[in-house]
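**Q**
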Amino acid sequence: MTYRVLFVDDNQKVLNSIARQFDGVLDYQTANGPHEAMELLDPENPFAVVVSDMRMPKMNGAELLTHVRKVTPDTVRIMLSGYADLQATIQAVNEGNIARFLSKPCPRELLERAIREGLDHYQLVTGQRELLEGTLQGSVTVLCAILSLVHPLAFGRVSQVQRIALAIGDQMQLESIWDLKIASMLFPLGCVSLSERALECMLEGKPVPDEERGAYEQHPSVARAMLQEIPRLENVAAIVAYQEKCFDGSGLPNDDIAGADIPIGARVLKAALHFEIALKQLSDPAAALAKLQTQSELYDPDVLEALHQQVESGLCQSARRTVSLEELRPGMVLAADVRLEGGKLVVASGQKLTDSIRRNLETFCEFGQIASSFEVEAASGAERSELEAIC
Numbered sequence: 004m005t006y007r008v009l010f011v012d013d014n015q016k017v018l019n020s021i022a023r024q025f026d027g028v029l030d031y032q033t034a035n036g037p038h039e040a041m042e043l044l045d046p047e048n049p050f051a052v053v054v055s056d057m058r059m060p061k062m063n064g065a066e067l068l069t070h071v072r073k074v075t076p077d078t079v080r081i082m083l084s085g086y087a088d089l090q091a092t093i094q095a096v097n098e099g100n101i102a103r104f105l106s107k108p109c110p111r112e113l114l115e116r117a118i119r120e121g122l123d124h125y126q127l128v129t130g131q132r133e134l135l136e137g138t139l140q141g142s143v144t145v146l147c148a149i150l151s152l153v154h155p156l157a158f159g160r161v162s163q164v165q166r167i168a169l170a171i172g173d174q175m176q177l178e179s180i181w182d183l184k185i186a187s188m189l190f191p192l193g194c195v196s197l198s199e200r201a202l203e204c205m206l207e208g209k210p211v212p213d214e215e216r217g218a219y220e221q222h223p224s225v226a227r228a229m230l231q232e233i234p235r236l237e238n239v240a241a242i243v244a245y246q247e248k249c250f251d252g253s254g255l256p257n258d259d260i261a262g263a264d265i266p267i268g269a270r271v272l273k274a275a276l277h278f279e280i281a282l283k284q285l286s287d288p289a290a291a292l293a294k295l296q297t298q299s300e301l302y303d304p305d306v307l308e309a310l311h312q313q314v315e316s317g318l319c320q321s322a323r324r325t326v327s328l329e330e331l332r333p334g335m336v337l338a339a340d341v342r343l344e345g346g347k348l349v350v351a352s353g354q355k356l357t358d359s360i361r362r363n364l365e366t367f368c369e370f371g372q373i374a375s376s377f378e379v380e381a382a383s384g385a386e387r388s389e390l391e392a393i394c
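So the working numbering is basically just the index in the sequence shown, starting at one, shifted up by 3.
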């Protein structure tokens with residue numbers, strides 16, 4: 004994988020000189036001035052290194068690199084500065100907006116070495132993050148699979164809620180999509196101590212029994228306490244803590260946080276949770292959305308609009324089909340609860356099947372405790388390809 008470098012200067016002759024020096028050596032682009040540079044910045048495709056001149060009209064290099072830091076925080080920022088700009092450059096370095104500055108005129112060898120070191124640093128930082136996030140996500144996936152077996156009523160919702168939350172997040176083009184992905188898997192963590200009766204009330208949108216109301220009201224903060232000590236999950240913990248907080252400031256936790264001060268991931272997760280409950284009650288995405296819209300003061304209007312757009316695009320409108328145990332595959336999504344003969348829930352509707360869940364169902368079938376046919380969501384063409392790849 005090659006990493007890109009952006010050179011910024013308002014002097015075209017300087018940019019032409021850079022082109023002569025680094026053609027075939029670096030994967031680079033040039034920008035004639037800060038405004039052209041800002042148009043090239045893309046959080047989805049960041050530059051690994053940005054090298055900017057200090058003295059430019061309307062916006063100097065320090066101001067530009069401050070903007071770069073906000074848009075693509077991992078980008079290594081290098082300043083080329085003359086002696087007259089030295090004090091301003093030192094201040095920018097001290098404020099953390101610039102990783103390194105080089106005095107002009109700068110020998111080609113020194114500039115290339117600084118860029119190479121910047122590329123190495125960028126690769127190290129982003130590689131460590133990808134490794135950490137991949138490891139965490141894998142661990143969380145395994146944890147949720149285990150919890151869905153031992154506590155299906157609480158964790159059986161995860162697959163459906165995550166699908167809804169990520170659809171909203173994609174529609175809104177959220178930057179913190181990884182945090183939302185993990186939070187939408189771990190939101191029921193504080194519910195594991197609640198009784199089945201209390202959980203059923205939650206899922207049906209009914210008041211929780213008085214004797215368990217205290218425990219119910221604590222479940223977001225209990226989950227937060229478990230998560231906030233884990234490195235890299237601080238934002239996830241905040242999302243989970245505010246999953247029941249309403250946009251108008253009501254709800255849990257009982258504090259003064261309201262509106263845009265609520266973490267955006269929590270605003271998305273709340274709408275996803277309530278939409279999932281309404282969908283189970285009404286079996287129609289449009290009707291479920293309409294139910295949320297009748298209480299619009301509880302939700303971020305931008306989140307509701309994103310959900311509306313996704314429902315219009317077919318979110319949660321999959322048809323059903325019946326499959327045998329032999330046809331059941333990891334990755335399929337159950338369209339109906341699987342219960343023992345006595346009514347005890349084994350796997351909840353909306354749960355995406357894993358190897359362990361399928362083996363569990365196979366065991367129950369062998370002992371005649373459940374039927375050997377299952378209702379699943381009919382897969383789209385893309386989903387069928389994915390399932391075939393899994394199998």
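Think of the CB as a built atom: it goes at the ideal place given N, C-alpha and C, for glycine as much as any other residue.
Computed from a predicted structure; not experimentally measured.
Tell me whether I260 sits in a helix, a strand or coil according to DSSP, three-state version.
**A** Residue mapping note: residue 260 aligns to position 257 of the sequence shown, counting from 1. Looking at I260 - three-state DSSP - the assignment turns out to be coil, as it is neither helix nor strand.
**Q** Use the C-beta contact count for G317: other C-beta atoms within 10 angstroms, 16 or more gives buried, fewer gives exposed.
**A** In the sequence shown, the residue the question calls residue 317 occupies position 314. With fewer than 16 other Cβ atoms within 10 Å, it is exposed.
**Q** Following the continuous alpha helix (DSSP H) through Q126, name the residue where it begins and the one where it ends.
**A** For the purposes of this step, residue 126 is taken as the residue at position 123 of the sequence shown. First-last of the alpha helix (DSSP H) with Q126: 111-153.
**Q** Enumerated in chain order, which unbroken segments of the alpha helix (DSSP H) with a length of 4 residues or greater are wholly contained in the stretch 244-313?
**A** 267-285, 288-296
**Q** Would you tell me roughly how many angstroms separate the C-alpha atoms of F50 and R7, rounded to the nearest one?
**A** One-based indexing of the sequence shown puts residue 50 at position 47. One-based indexing of the sequence shown puts residue 7 at position 4. Rounded to whole angstroms, F50 to R7 spans 5 Å at the Cα level.
**Q** Can you give me the Cβ contacts of S375 inside the same chain, cut-off strictly under 7 Å, excluding the 5 residues immediately before and after it?
**A** In the sequence shown, counting from the first residue as 1, residue 375 sits at position 372. Correct list, in chain order: S327, L328, C368.
**Q** Whether or not the stretch 219-237 and the stretch 125-143 are in contact is what I'm after, with contact meaning three or more pairs of Cβ atoms, one per stretch, closer than 8 Å; do they touch?
**A** yes
**Q** Taking A261 as the reference, which of F278, A274, D303, A275 has the closest Cα?
**A** Within the sequence shown, residue 261 is the residue found at index 258, counting from 1. The shortest C-alpha separation from A261 is found at D303.
**Q** Would the beta-carbon of L197 fall within 8 Å of that of E220?
**A** Mapped onto the sequence shown, residue 197 falls at position 194. Mapped onto the sequence shown, residue 220 falls at position 217. For the 8 Å CB-CB criterion, L197 and E220 do not form a contact.
**Q** Going by beta carbon distance, what residues of the same chain come within less than 6 Å of D13, once the five residues before and after it are set aside?
**A** Within the sequence shown, numbered from 1, the residue matching residue 13 stands at position 10. Cβ neighbours of D13 beyond the five flanking positions: G36, M59.
**Q** Can you tell me the Cα-Cα spacing of E111 and F25, whole angstroms?
**A** As a first step, residue 111 must be located in the sequence shown, where it is residue number 108. As a first step, residue 25 must be located in the sequence shown, where it is residue number 22. The amino acid at residue 111 is misidentified as Glu; the sequence shows Arg. Roughly 9 Å separates the two Cα atoms.
**Q** Pairing CB atoms from the stretch 296-312 with CB atoms from the stretch 261-277, are three or more of them under 8 Å?
**A** Touching, per the Cβ criterion.
**Q** Can you tell me the Cα-Cα spacing of V11 and T78, whole angstroms?
**A** On the sequence shown, position 8 is the one that residue 11 refers to. On the sequence shown, position 75 is the one that residue 78 refers to. Looking at the two C-alpha atoms, the distance is approximately 14 Å.
**Q** Starting from the C-beta of A240, find all residues in its chain whose C-beta is less than 6 Å away, skip the five residues before and the five after it, and write them out in chain order.
**A** In the sequence shown, residue 240 corresponds to position 237, counting from 1. Closer than 6 Å at Cβ, skipping near neighbours: R227, L230, Q231.
**Q** Using CA atoms only, rank isn't needed, just tell me which of K294, V54, E215, E214 is closest to E120.
**A** Locating residue 120 in the sequence shown gives position 117, counting from the first residue. Answer by Cα proximity: V54.
**Q** Does M57 come out as helix, strand or coil in the three-state DSSP assignment?
**A** For this step, residue 57 is matched to residue 54 along the sequence shown. It is coil, neither helix nor strand.
**Q** Determine the direct distance from the alpha carbon of G345 to that of A148, and round the result to whole angstroms.
**A** What you label residue 148 is simply residue 145 of the sequence shown in a count that begins at 1. What you label residue 345 is simply residue 342 of the sequence shown in a count that begins at 1. One C-alpha to the other measures close to 24 Å.
**Q** Identify the continuous beta strand (DSSP E) that holds N48 and give its terminal residues.
**A** Here residue 48 refers to the residue found at position 45 of the sequence shown. Careful: N48 lies outside any beta strand (DSSP E) and carries neither H nor E.
**Q** On the three-state DSSP scale, how would you describe Y31?
**A** Mapped onto the sequence shown, residue 31 falls at position 28. Under the three-state reduction of DSSP, Y31 is assigned to strand.
**Q** Based on Cα-Cα distance, which residue from K347, T357, Q312, R323 lies nearest to G334?
**A** Reading the sequence shown from its first residue, position 331 is the one you call residue 334. With distances taken between Cα atoms, G334 lies closest to T357.
**Q** V350 lies in the beta strand (DSSP E); which residues open and close that run?
**A** Counting from 1 along the sequence shown, the entry for residue 350 is found at position 347. Looking at the DSSP string, the run of the beta strand (DSSP E) that includes V350 is 348-350.
**Q** Rounded to whole angstroms, what's the CA-CA distance from I21 to G64? Just pull it up for me.
**A** Along the sequence shown, read from residue 1 onward, the residue named residue 21 stands at position 18. Along the sequence shown, read from residue 1 onward, the residue named residue 64 stands at position 61. Cα to Cα, I21 sits roughly 17 Å from G64.
**Q** I need the boundaries of the alpha helix (DSSP H) containing M82, first residue and last residue.
**A** One-based indexing of the sequence shown puts residue 82 at position 79. First-last for M82: 79-84, but that is the beta strand (DSSP E), not the alpha helix (DSSP H).
**Q** If you compare alpha carbons, which of A102, G27, L183, V211 is closest to A274?
**A** What you label residue 274 is simply residue 271 of the sequence shown in a count that begins at 1. Ranked by how close their Cα comes to the Cα of A274, the residues A102, G27, L183, V211 have L183 in first place.
**Q** Reducing DSSP to helix, strand and coil, say where V195 ends up.
**A** Here the question's residue 195 lines up with position 192 in the sequence shown. The answer is coil: DSSP assigns V195 none of H, G, I, E or B.
**Q** Sorted by chain position, which residues of the same chain lie with C-beta nearer than 7 Å to Q126's C-beta, five sequence neighbours on each side aside?
**A** Mapped onto the sequence shown, residue 126 falls at position 123. Closer than 7 Å at the Cβ level, and outside the excluded window around Q126, lie Y6.
**Q** Spatial neighbours of A40 within its chain, please: CB distance less than 7 Å, with the 5 preceding and 5 following residues excluded, ordered by chain position.
**A** Position 37 of the sequence shown, counted from the start, is the residue given in the question as residue 40. Within the same chain, Cβ atoms closer than 7 Å to the Cβ of A40 are found at L9, V11, A34, L67, the five residues on either side in sequence being excluded.
**Q** Have a look at L285 and A291 and give me their C-alpha separation to the nearest angstrom.
**A** Numbered from 1 along the sequence shown, position 282 holds the residue referred to as residue 285. Numbered from 1 along the sequence shown, position 288 holds the residue referred to as residue 291. The alpha-carbon atoms of L285 and A291 are separated by roughly 6 Å.
**Q** Quick check on DSSP: helix, strand or coil for K355?
**A** Working through the sequence shown from its first residue, we reach residue 355 at position 352. K355: strand per DSSP, three-state reduction.
**Q** Measuring only the C-alpha atoms, how far is V145 from S151?
**A** The residue labelled residue 145 in the question sits at position 142 within the sequence shown. The residue labelled residue 151 in the question sits at position 148 within the sequence shown. Approximately 10 Å between the Cα atoms of the pair.
**Q** Of all the options A157, Q32, S179, L105, which has the alpha carbon lying nearest to the alpha carbon of E47?
**A** The residue labelled residue 47 in the question sits at position 44 within the sequence shown. For E47, the nearest C-alpha among the options comes from S179.
**Q** Do you know offhand how far E380's Cα is from V17's?
**A** Taking the first residue of the sequence shown as position 1, residue 380 is located at position 377. Taking the first residue of the sequence shown as position 1, residue 17 is located at position 14. Cα to Cα, the separation comes out at about 60 Å.
**Q** Which partner residues does V11 have in the DSSP bridge list?
**A** On the sequence shown, position 8 is the one that residue 11 refers to. Bridge partners of V11: A34, S55.
**Q** Should M175 be labelled buried (16 or more other beta-carbon atoms within 10 Å of its own) or exposed?
**A** By 1-based counting over the sequence shown, the position of residue 175 is 172. So M175 counts as buried.
**Q** Comparing C-alpha positions only, which one of M62, G353, Q131, P191 sits nearest to Q246?
**A** In the sequence shown, residue 246 corresponds to position 243, counting from 1. Residue P191 is the option with its Cα nearest to Q246.
**Q** State the DSSP-derived secondary structure class of S402, mapped to helix, strand or coil.
**A** Residue 402 is absent from the model: the chain starts at 4 and stops at 394.
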